[in-house]
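Student: Heads up, the sequence shown is in my numbering, so the first residue is 2 and it goes up one at a time. All C-beta atoms in this analysis are idealised placements derived from N, C-alpha and C, irrespective of residue type, glycine included. Owing to the predicted nature of the structure, the values given are computational and were not obtained by experimental measurement.
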Amino acid sequence: MKYIYLCISNNATARNPTRSTMSSSLAGKLRAFVFNPHNGPKVYQDLQAADVPVTTAECRSCADPCDQDHDDFSSRLDIDLDSDMIGSVKPYRRQVVISTGKTDWEKEVTEVEGTLAALLITANSSLGTSKKPQSTNDPLPSGLFSHTKAGRLAILNGSHRPFSRDESEETVIVLPDFMVVSGVPRTLAGAEALWKAALDPALDRVGVTTTRSDNLSTWVLPYSCLILLCSHKRRDKRCAIAAPVLEKTFQQYLEREGWEVHTDLHDLTSEPSLESQATSTTEKEQLIETQLKSLHAEHKALILKNSHIGGHKFAGNCIIYTPRGAGVWYGRVTPHEVESIVKHTIIDGQVLPTIFRGGVDLACRGKKTLYDW
Ligand SMILES: [Zn+2]
2 MKYIYLCISN NATARNPTRS TMSSSLAGKL RAFVFNPHNG PKVYQDLQAA
52 DVPVTTAECR SCADPCDQDH DDFSSRLDID LDSDMIGSVK PYRRQVVIST
102 GKTDWEKEVT EVEGTLAALL ITANSSLGTS KKPQSTNDPL PSGLFSHTKA
152 GRLAILNGSH RPFSRDESEE TVIVLPDFMV VSGVPRTLAG AEALWKAALD
202 PALDRVGVTT TRSDNLSTWV LPYSCLILLC SHKRRDKRCA IAAPVLEKTF
252 QQYLEREGWE VHTDLHDLTS EPSLESQATS TTEKEQLIET QLKSLHAEHK
302 ALILKNSHIG GHKFAGNCII YTPRGAGVWY GRVTPHEVES IVKHTIIDGQ
352 VLPTIFRGGV DLACRGKKTL YDW
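1) Ligand 1: which residues have Cβ under 5 Å from any of its heavy atoms, chain order?
2) Is Ser62 helix, strand or coil when you go by DSSP?
3) Could you spell out the range, first to last residue, of the beta strand (DSSP E) harbouring Pro186?
4) Do you know offhand how far Arg239's Cα is from Thr282's?
5) What do you reckon, are the CB atoms on Ile356 and Cys63 nearer than 7 Å?
6) Would Val182 pass as a contact of Leu157 if the rule is Cβ separation under 7 Å?
7) Hey, Ile347 and Cys226: beta-carbon distance below 7 Å or not?
8) Taking the alpha-carbon of Tyr372 as reference, which of Leu154, Gly328, Ile122 has the nearest alpha-carbon?
9) For Ala279, does the three-state DSSP call read helix, strand or coil?
10) Would you call the CB atoms of Thr111 and Ile122 closer than 7 Å?
11) Using the beta-carbon count (16 or more within 10 Å), is Trp374 buried or exposed?
12) In the DSSP assignment, what residue or residues form a beta bridge with Gln292?
13) Considering just the uninterrupted stretch of the beta strand (DSSP E) at Ala151, what are its terminal residues?
14) If you scan the region 198-224 from start to end, which runs of the beta strand (DSSP E) of 3 or more residues do you find wholly inside it?
15) Would you check if there are 3 or more beta carbon pairs closer than 8 Å linking the region 164-180 to the region 197-212?
16) Compute the distance between the beta-carbons of Trp330 and Ile320, then report whether it is under 7 Å.
17) I need the DSSP call for Gln351, collapsed to helix, strand or coil.
18) So what's Gly343 in DSSP terms, helix, strand or just coil?
19) In its own chain, which residues sit with a C-beta less than 7 Å from the C-beta of Gly359, not counting the 5 before and 5 after it?
20) Which residues mark the beginning and the end of the alpha helix (DSSP H) in which Cys240 is found?
21) Only counting the same chain, and skipping five residues up and downstream in sequence, which positions put a Cβ closer than 7 Å to that of Lys294?
22) Drop a sphere of 10 angstroms on the beta-carbon of Ala118, count the other beta-carbons inside from all chains shown, and report buried for 16 or more, exposed for fewer.
23) In this structure, does DSSP put Lys314 in helix, strand or coil?
24) Relative to the alpha-carbon of Phe81, which residue among His313, His337, Gly367 has its alpha-carbon at the smallest distance?
25) Alpha carbon to alpha carbon, what distance is there between Met180 and Phe164?
26) Is it the case that the Cβ atoms of Ala316 and Ala243 are separated by a distance below 7 Å?
27) Where does Pro18 fall in DSSP's three states?
28) Would you call the region 183-196 in contact with the region 284-291, where contact means no fewer than 3 C-beta pairs closer than 8 Å?
29) So for Leu229, helix, strand or coil by DSSP?
30) Tell me which same chain residues have a C-beta within less than 6 Å of the C-beta of Gln96, skipping the five on either side of it?
31) What are the start and end residues of the beta strand (DSSP E) that includes Ala302?
32) Name the two residues that bound the continuous alpha helix (DSSP H) containing Gly191.
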């Protein structure tokens, strides 16, 4: 418990000089704890009680003041250090990330006519009403939710480029499923085909296997983890300043651990799609599960930038997905925390409570990490 408490005071003092002097004494640390009660020991206890793999490790690995030349952009930005971050994630059934090859977008990406984001909104509202599962209150602590109990489709633009040379087709990452669907025409019919094949709330990650008439191709997202960084400048410049710095720092620490890092989704069209390999639902299920289970050992990370996810006052914002479909949302992330996130969350599969905003499918009874099945 002491460990977490120290983590809190470190975090607060890193960005607020008025708290630095306070932290130099035990009384100061206690005051920092009192003034910044969010994400304290209670969060650790709640996560542990909810069967979330959680660690008491420090979220900051460098000294305070920093001895590692980390670019702490938060000292230049007005970051909200006081509000409670827990529960600041709106539950969703699925989150999709659409290829754009860009790192900034119009303010409301789903209102830009002719884009797949806008077309998906239309498709989702016309197709979704009858089949959505009824949203129920999740019996989990605030901030945690299971995707099967939510109905919302969260639509994001992403920095990856589409596989297809045909400029009218997009490549979409589907989460928490950890799947990739390519060849999605940027038309209402294309959006509807994607919805019916992979986004219908009634479907699990295997999607539709028997009555497909579309030309969509599907693969398992071939990475050990996906790191999403909000970079949406036209929504909030704080995220746009944080994202490139965090991308560079994540890359640096992951490579130091021997991981391969990609900042664009590698073209999968030369590899057999699931449609070309599996003829039945059972076959597809087995293929997907085998592939997903093997990914952690590959030590390969994909970092993408994405449009607004909410909570930009907590910049830097990042979401980390594992192949099992667990998604951890972190806020107030600066380069000081990246090494710890890499070691504890990305490699060891455990949640760091101090920077935790919430997450999808994190509770796993009897499992030690977010990678375990
Ligand atoms: Zn540092």
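Tutor: Per the coordinate set shown:
1) Cys63, Cys67, Gln69, His71, His337
2) coil
3) 180-186
4) Rounded to the nearest angstrom, the two C-alpha atoms are 44 Å apart.
5) The answer is no: Cβ separation not under 7 Å.
6) Taking 7 Å as the Cβ cut-off, Val182 and Leu157 do not qualify as a contacting pair.
7) yes
8) Gly328
9) In the three-state reduction of the DSSP assignment, Ala279 falls in the coil class.
10) yes
11) exposed
12) According to DSSP, Gln292 bridges with nothing at all.
13) Per DSSP, Ala151 belongs to no beta strand (DSSP E) and is neither H nor E.
14) 218-221
15) They touch, by the three-pair rule.
16) yes
17) Looking at Gln351 - three-state DSSP - the assignment turns out to be coil, as it is neither helix nor strand.
18) The sequence given here places Val at residue 343; Gly does not occur at that position. Reduced to three states, the DSSP call for Val343 is helix.
19) Ile87, Gly88, Ser89, Val90, Gly144, Leu145, Trp330
20) 238-257
21) Trp374
22) buried
23) helix
24) Strictly speaking, residue 81 in this sequence is Asp, with Phe absent from that position. Taking only the C-alpha atoms, the option nearest Asp81 is His313.
25) 14 Å
26) yes
27) Since pLDDT at Pro18 reaches only 36, below the 50 mark, its modelled position is unreliable, and the value read off the structure follows with that caveat. It is helical.
28) no
29) strand
30) So the list reads Ala155, Leu176, once near-sequence residues are dropped.
31) 301-307
32) 189-195
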